[in-house]
Amino acid sequence: MEGPVTPKAHEERQAAEKPHQCSQCGRCFAWQSGLSRHKKIHSGAKPHKCPECMKSFLRRSNLYRHQELHMGKRPFACPICQKRFTRYLTSCDGAVHSVLRREM
Numbered sequence: 087m088e089g090p091v092t093p094k095a096h097e098e099r100q101a102a103e104k105p106h107q108c109s110q111c112g113r114c115f116a117w118q119s120g121l122s123r124h125k126k127i128h129s130g131a132k133p134h135k136c137p138e139c140m141k142s143f144l145r146r147s148n149l150y151r152h153q154e155l156h157m158g159k160r161p162f163a164c165p166i167c168q169k170r171f172t173r174y175l176t177s178c179d180g181a182v183h184s185v186l187r188r189e190m
């Protein structure tokens, strides 16, 4: 059975499990692919451009989610006001309706 782990020991264990370190910010990754994806953040490049509105994205997955807006796809509905979203209730439910919940 292990005793309490000191912050330094925890940090050393994490570094051992994540050998790929970003030379710009020091963040570590378990896989080279994770580091490669992360490095794009520092370059500022956003190579994935929406053909409809020309907005650019760092990741292709973000472009695909954005394109759903142009196609009218909004699969998630707020259970309180029925407003629809492309992602699960991040905006409406948290910010708008938190006041309503406290009043209930």
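The sequence shown lines up with residues 87 to 190 when you count with the numbering used here.
Glycine residues also receive a C-beta, built at the ideal position from the N, C-alpha and C atoms.
- request: Alpha carbon to alpha carbon, how far is threonine 172 from alanine 163? Give it in angstroms, no decimals.
  value: Taking the first residue of the sequence shown as 1, we reach residue 163 at position 77. Taking the first residue of the sequence shown as 1, we reach residue 172 at position 86. The alpha-carbon atoms of alanine 163 and threonine 172 are separated by roughly 9 angstroms.
- prompt: Going by alpha carbons, who is nearest to proline 161 out of Gln110, Tyr174, Gly130?
  reply: For the purposes of this step, residue 161 is identified with residue 75 of the sequence shown, where counting begins at 1. Minimum Cα distance to proline 161 is reached at Tyr174.
task: Output the residue ranges of the alpha helix (DSSP H) runs that lie fully inside the region 91-174 and measure 4 residues or longer, sorted by chain position.
output: 93-103, 118-129, 146-157, all fully within the region 91-174.
- prompt: Tell me which same chain residues have a C-beta within less than 8 angstroms of the C-beta of glutamate 138, skipping the five on either side of it?
  reply: The sequence position of residue 138 within the sequence shown is 52, counting from 1. Same-chain partners within the cutoff: Gln153, His156.
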